[in-house]
Amino acid sequence: MDEIPRPELFDFHGVSMIKMLTANWENIQNFQARPDDILIATYPKAGTTWVSNILDLLYFGQREKAIPIYERVPFLEVFSPGIGSGTDWADKLPTSPRLIKTHLPVQLVPQSFLEQKCRIVYIARNAKDNVVSFFHFDRMNKSQPEPGDWSSYLQRFKQGKILYGSWYDHVSNWWKKKQTYSNLHYMFFEDMVEDTGREIDKLCSFLGLTPSVEEKTRITGEVHFDKMKKDEMTNYSTVPVMDFKISPFMRKGKVGDWKNHFTVAQNEEFGEDYKTKMKDPTLHFSG
Ligand code: A3P
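So, in C-alpha cells, the structure goes:
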C-alpha cells in the first residue's frame, strides 16, 4: 500500500479535528435535516457501526444487502475528493427515514436536527475500552492522525488531544443534552454486549417500531460480532485507507480489553484523572 501522509490535528471551535472532517463545514452547519431523520451520534469507536447496522435492518431489513454500511448510513461530516461529502451522500439517500452518522460533539451538531426534533441515538462506551479501540483504529487507518505509541496516545486521550477532542466532554455533554432534548436515546456499548436483544427492544420502543419476535431474533443474529466481522458490507474491508494487516476494523468487540493494554500504573493514573473529570454520578459506565 502506498504511504499516504497522515493528517495533522488542529483546534476547531475548541475540538481537535482534521481537514477531512471540517472542509465541508458550511454545508454541514446548513444541513437541512428532515423530521424523520435519525442521527446516530457517538465518540468514535463506541459501537457506531453495530447500531447503524441494527437500525438499517430494523427499517430496511429486506433491502439489497450489497451496499456497504457507510453508504447506507452516511457519515455527516466527512469530505474528501475521493469519496465526496457526507452531506451529499445523505441528500442522495433514496429511502426514508434517513439514517445519518456523526461523531460531532453535541455543540457542533447542525441545528436543524434539533429544530426538526429528529430522533437521536447516542452510543457511549467506557473510556478505557474506547481509547484502546481508537488507538488500534488510528494505527490501521491511514486517514487518521498518527497515533504514536500507546503510552503517549493514552496521555493525549486524557488531554483531549486526539481526533474529536475530549471523550469526557463528549459523553458528558451528550448526557446533559438528554435533560432538555427528549428525542435522544442514550445507550451503552457494554449493555449491548450484555444483552443485544434487550437493547434492540429498548431501541424499538424509542423508535416506535414493533417488529415481530422472529424479526428481532433474526436481527440479533445478523448483528452478532462474528457475522458482522465476516461480512464485507459491514467490516470495512472495502476501504483502501484501512490496513487490516495492522488491525481489523472489527477487532475484538469485547468489554474489558483495556486490561490487555493498560499497565497497573497507567490504570491508577487514569482512574485518578477520571475522577476529576467525570463528576456526574448519574452517568455511570460498566466495564
Ligand atoms: P474493538 O476495537 O474494541 O473491537 P465504531 O463502529 O464506532 O467504529 O466502533 C468499532 C468498535 O465496535 C470495535 O471495537 C468493533 O469491534 C466493535 N463492534 C462493531 N460491531 C460489533 C458487534 N456486532 N459486536 C460487538 N462489537 C462490535
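Residue numbers (this note's numbering): 3 to 289. For each residue, glycine too, the CB sits at the ideal point set by N, CA and C. If you're wondering where the values come from, they're calculated on a predicted model, not measured in any experiment.
Checking 8 Å against the spacing of the C-beta atoms, do residue i and residue j come in under that value?
{"i": "M22", "j": "S145", "result": "yes"}
{"i": "I40", "j": "P99", "result": "yes"}
{"i": "F33", "j": "S87", "result": "no"}
{"i": "G49", "j": "M194", "result": "yes"}
{"i": "W152", "j": "F139", "result": "no"}
{"i": "M142", "j": "S54", "result": "no"}
{"i": "K103", "j": "I42", "result": "yes"}
{"i": "W176", "j": "Y124", "result": "yes"}
{"i": "L101", "j": "E224", "result": "no"}
{"i": "I85", "j": "L186", "result": "no"}
{"i": "K198", "j": "T219", "result": "Before going further, note that residue 198 is Thr rather than Lys in the sequence given. Contact flag unset, no."}
{"i": "P213", "j": "D171", "result": "no"}
{"i": "I56", "j": "L205", "result": "yes"}
{"i": "F190", "j": "A126", "result": "yes"}
{"i": "H105", "j": "T44", "result": "yes"}
{"i": "S184", "j": "D282", "result": "no"}
{"i": "P147", "j": "P242", "result": "no"}
What are the partner residues of residue i, as DSSP defines its beta bridges?
{"i": "K103", "result": "I42 and F77"}
{"i": "A267", "result": "DSSP output for A267 lists no bridge partner at all."}
{"i": "G86", "result": "S82"}
{"i": "V17", "result": "F14"}
{"i": "A68", "result": "Partner(s): none; A68 has no beta bridge."}
{"i": "I202", "result": "Answer is none; I202 lacks a bridge partner."}
{"i": "N175", "result": "DSSP output for N175 lists no bridge partner at all."}
{"i": "H187", "result": "V123"}
{"i": "N143", "result": "M244"}
Using C-beta distances below 8 Å, list every residue in its chain close to residue i, excluding the 5 sequence neighbours before and after it, in chain order.
{"i": "S18", "result": "L11, F12, G162, K163, I164, L165, Y166 and G167"}
{"i": "T284", "result": "W177"}
{"i": "E201", "result": "M189, D193 and M194"}
So, at 7 Å on beta carbons, what are the nonlocal neighbours of residue i in its own chain, with the 5 sequence-adjacent residues on each side left out?
{"i": "I30", "result": "L78, E79, T89 and P112"}
{"i": "G289", "result": "N128, D131, E192, V257 and G258"}
{"i": "T51", "result": "I71 and T236"}
{"i": "D275", "result": "K160"}
{"i": "P37", "result": "Q118, K119 and C120"}
{"i": "H15", "result": "L110"}
{"i": "Y238", "result": "M244 and F251"}
The ligand A3P and residue i: does any heavy atom of the ligand fall closer than 7 Å to the residue's C-beta?
{"i": "W52", "result": "yes"}
{"i": "R253", "result": "yes"}
{"i": "M230", "result": "yes"}
{"i": "A48", "result": "yes"}
{"i": "H138", "result": "yes"}
{"i": "H226", "result": "yes"}
{"i": "T1", "result": "Given that the chain is displayed from residue 3 to residue 289, the structure contains no residue 1 and the question cannot be resolved."}
{"i": "K256", "result": "yes"}
{"i": "V108", "result": "no"}
{"i": "D131", "result": "yes"}
{"i": "D245", "result": "no"}
{"i": "S135", "result": "yes"}
{"i": "D193", "result": "no"}
{"i": "D171", "result": "no"}
{"i": "D259", "result": "yes"}
With a threshold of 8 Å between beta carbons, is residue i in contact with chain D?
{"i": "L186", "result": "No chain D appears in the structure shown, which is made up of a single protein chain."}
Excluding the five sequence neighbours on either side, which residues of its own chain have a C-beta within less than 6 Å of the C-beta of residue i, listed in chain order?
{"i": "A35", "result": "S114, F115, Q118 and C120"}
{"i": "G210", "result": "none"}
{"i": "W260", "result": "K130, D131 and V134"}
{"i": "R74", "result": "D58"}
{"i": "Y290", "result": "Summary: the structure shown does not reach residue 290, with the chain confined to residues 3 through 289, and so no result is reported for it."}
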